[in-house]
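Contents: one structure, followed by commentary.
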Amino acid sequence: MKLSLSYLLNTDYFKNSLKLVSGTVVGQVLTLAVAPILSRLYGAEDFGVLALFNSWVGVLIILSTLRLEMGLVVASDKVEARNLFRNIYKLIFCFSGAVLLISVAAYLLVETPRWSLFLFLGILFQALFMLLSYDCNRDKAYRNISFSKVIQSLSNAGVAILGGYLAWKHWGLLAANLIGFLAALVYLFRGRAEKIAGIKLFNFQKFKKETEPFKEFPKYNLPASFLDTLSQHLPVFALSHFFSTAITGYYSLAMKVLLLPLALVGNAVGQVFYQKLTEMENTFYKRRLVCFTWGALFLLGIMPFSCLYLWGPDLFAFVFGEPWRESGKIAAALSPMLLVMFMSSPTSTAFIVVKQQKYNFIFGVTGTLYRSAAFYYGWVMGDFYLGIKVWVVCEYIQIFFYNAILWRKM
1052 MKLSLSYLLN
1062 TDYFKNSLKL
1072 VSGTVVGQVL
1082 TLAVAPILSR
1092 LYGAEDFGVL
1102 ALFNSWVGVL
1112 IILSTLRLEM
1122 GLVVASDKVE
1132 ARNLFRNIYK
1142 LIFCFSGAVL
1152 LISVAAYLLV
1162 ETPRWSLFLF
1172 LGILFQALFM
1182 LLSYDCNRDK
1192 AYRNISFSKV
1202 IQSLSNAGVA
1212 ILGGYLAWKH
1222 WGLLAANLIG
1232 FLAALVYLFR
1242 GRAEKIAGIK
1252 LFNFQKFKKE
1262 TEPFKEFPKY
1272 NLPASFLDTL
1282 SQHLPVFALS
1292 HFFSTAITGY
1302 YSLAMKVLLL
1312 PLALVGNAVG
1322 QVFYQKLTEM
1332 ENTFYKRRLV
1342 CFTWGALFLL
1352 GIMPFSCLYL
1362 WGPDLFAFVF
1372 GEPWRESGKI
1382 AAALSPMLLV
1392 MFMSSPTSTA
1402 FIVVKQQKYN
1412 FIFGVTGTLY
1422 RSAAFYYGWV
1432 MGDFYLGIKV
1442 WVVCEYIQIF
1452 FYNAILWRKM
């Protein structure tokens, strides 16, 4: 087998990645195109509320599926995959219903924000979208995944602009978020209705039996993913608690731009990387795939992240308006770290393929600890940017050890 770049560019791996990337690029370009409009229609506090809403959904959505959706790609046959799909589907509805009951009780008893009553919808829509995306990944229906992201971005942008002109404040952003995911999952459900045809009520014994082959995912990947996701959203929770919703909004816009390359390419490549790695048995070819992925993403990411590092404040002030210069300062401080995270993002699921999920849990624990410690230290010292510097250094160290261990275990 040839080892040349030309060979890799003609493989199914590259072609499937391109299919996913194309739709993701269109969707993210639409999102980026309307961002300067939205930044002038909504204030920092509105974006802060949206960030807090998405952080709660992002953390809770991990629990809604127990990470069983990752088993769809490695299921041994269609029957096993179909049973797993149905069980996850029922699990999502049960969990979302429980969140609704808790949200209503919390709102009545301790007067939580009114937007918290809609958390269950965010979890329901995004969890179903995630489930359908993994199912499409198993069937290699990459075009469907790609187009669904375009639909999601179009719907989100349209509703957000409408809400801004109607002065809905943060409710416009929240409605856009929910409707965008609803439109995308409705599209993905087309042609997959048979998967839930004749579905019965949740039965724990049947659920336990049919998910037995995938028990490693809840056992190891769930705690690790939950801790990792929680630690990723800790800045939003910490900023909203110790500082203000407006500061949270500045941070959220900075991260939205910084995570754009990862959303454009990293996640799409990661889905195909995971599927491709499951098909490989030879250690040499696994390592070659990893190196090719790292190198390609570095070349794609070095230019945009360097620009943000050098001219972040001025770029943000020019594109989004002078009030958003603070977001540019935050983006400049975080851009070197995000470049390394962008390069490493597709390999984040590789421990599952090599059956070493326990390391995901270990790194999830350490990530939660050092991110919490970094922002607590910054708060104690009264310097938010000092907390960022500590976070960046710790992140470098973790990513190095993560990939070094993965390399040895392949």
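In our numbering, the protein residues as written are 1052 to 1461.
Virtual Cβ for every residue (Gly too), placed ideally from N, Cα, C.
{"Query": "Count the CB pairs spanning the stretch 1091-1105 and the stretch 1113-1124 that are closer than 8 Å, and state whether there are at least three.", "Result": "no"}
{"Query": "Have a look at Thr1163 and Phe1169 and give me their C-alpha separation to the nearest angstrom.", "Result": "12 Å"}
{"Query": "Is it true that the CB of Arg1376 sits closer than 8 Å to the CB of Pro1469?", "Result": "There is simply no residue 1469 to check, as the chain begins at 1052 and stops at 1461 in what is shown."}
{"Query": "In three-state DSSP terms, what is Pro1087?", "Result": "helix"}
{"Query": "Measure the C-alpha to C-alpha separation of Val1431 and Tyr1140 and round it to an integer number of angstroms.", "Result": "44 Å"}
{"Query": "Hey, would you say the C-beta of Arg1376 is under 7 Å away from at least one heavy atom of the ligand SAH?", "Result": "Here there are no bound small molecules, and the ligand SAH is not part of this structure."}
{"Query": "Using the Cα positions of Met1052 and Phe1335, report the straight-line distance between them to the nearest angstrom.", "Result": "Any answer about Met1052 is weak, because its pLDDT of 41 lies below 50 and its placement is not dependable; what the coordinates show is given next. Distance between the alpha carbons of Met1052 and Phe1335 is about 12 Å."}
{"Query": "Per DSSP, what kind of secondary structure is Val1441 in: helix, strand or coil?", "Result": "helix"}
{"Query": "Where do the ends of the alpha helix (DSSP H) carrying Glu1245 lie?", "Result": "First-last for Glu1245: undefined, no H or E at that position."}
{"Query": "If the criterion is Cβ atoms closer than 8 Å, does the pair Gln1283 and Phe1232 meet it?", "Result": "no"}
{"Query": "Between Cys1342 and chain D, is the shortest Cβ-Cβ distance under 8 Å, so that the two count as touching?", "Result": "Any reference to chain D falls outside this structure, which holds one protein chain only."}
{"Query": "State the Cα-Cα distance for the pair Ile1112 and Arg1339, rounded to the nearest angstrom.", "Result": "33 Å"}
{"Query": "Please list, in chain order, all residues of the same chain as Leu1054 whose beta carbon is under 6 Å from its beta carbon, the five residues on each side excluded.", "Result": "At Leu1054 the pLDDT is 44, less than 50, meaning the model places this residue with poor confidence and gives no usable figure here."}
{"Query": "Please go through the same chain and pick out, in chain order, the residues whose beta-carbon is closer than 6 Å to the beta-carbon of Lys1345, but skip the five residues on each side of it.", "Result": "The question names Lys, yet the displayed sequence has Trp at residue 1345. Excluding residues within five positions, the ones whose Cβ falls inside 6 Å are Met1394."}
{"Query": "What is the residue span of the alpha helix (DSSP H) that Thr1296 lies within?", "Result": "Thr1296 to Leu1309"}
{"Query": "Let me know if Cys1358 comes out buried or exposed under the rule of 16 or more other beta-carbons within 10 Å of its beta-carbon.", "Result": "exposed"}
{"Query": "Since Gly1099 contacts Ser1303 with CB under 8 Å, what's their CB separation in whole angstroms?", "Result": "7 Å"}
{"Query": "For Ser1127, name the three-state secondary structure that DSSP assigns.", "Result": "coil"}
{"Query": "Am I right that Ile1353 and Ala1305 are in contact with their C-beta atoms under 8 Å? What's the rounded C-beta distance?", "Result": "Not a contact, Cβ separation roughly 19 Å."}
{"Query": "Please classify Met1392: does DSSP put it in a helix, a strand, or coil?", "Result": "helix"}
{"Query": "Do you know how far the Cα of Ser1396 is from the Cα of Ala1227?", "Result": "27 Å"}
{"Query": "Any idea what DSSP makes of Ile1202, helix, strand or coil?", "Result": "helix"}
{"Query": "By DSSP, does Lys1191 sit in helix, in strand, or in coil?", "Result": "coil"}
{"Query": "I'd like to check one pair, Ile1202 with Ala1235: are the Cβ atoms closer than 8 Å?", "Result": "yes"}
{"Query": "In chain order, what residues of the same chain lie with their CB nearer than 6 Å to the CB of Tyr1453, ignoring the 5 residues before and after it?", "Result": "Phe1414"}
{"Query": "Buried or exposed, going by whether 16 or more other CB atoms sit within 10 Å of the CB of Asn1272?", "Result": "buried"}
{"Query": "Report buried or exposed for Glu1446, applying the criterion of at least 16 other Cβ atoms within 10 angstroms of its Cβ.", "Result": "buried"}
{"Query": "Using only the alpha-carbon positions, how far apart do Ala1126 and Pro1374 sit?", "Result": "50 Å"}
{"Query": "Distance, Cα to Cα, Asn1188 vs Ala1383?", "Result": "35 Å"}
{"Query": "What is the DSSP secondary structure of Glu1120, reduced to helix, strand or coil?", "Result": "helix"}
{"Query": "For Leu1361, tell me which candidate among Arg1165, Leu1351, Gly1379 and Tyr1410 has the shortest Cα-Cα distance.", "Result": "Gly1379"}
{"Query": "Taking only the alpha-carbon atoms, compute the straight-line gap between Phe1426 and Asn1134 and give it to the nearest angstrom.", "Result": "43 Å"}
{"Query": "For Tyr1436, is the classification buried or exposed, using 16 other Cβ atoms within 10 angstroms of its Cβ as the cut-off for buried?", "Result": "exposed"}
{"Query": "With a CB to CB cut of under 7 Å and the five nearest residues on each side skipped, what residues in its chain are close to Leu1039?", "Result": "This structure leaves residue 1039 out entirely; the chain is present only between 1052 and 1461."}
{"Query": "To which residues of the same chain is Val1085 closer than 6 Å at the C-beta, ignoring the five residues directly before and after it?", "Result": "Ala1208"}
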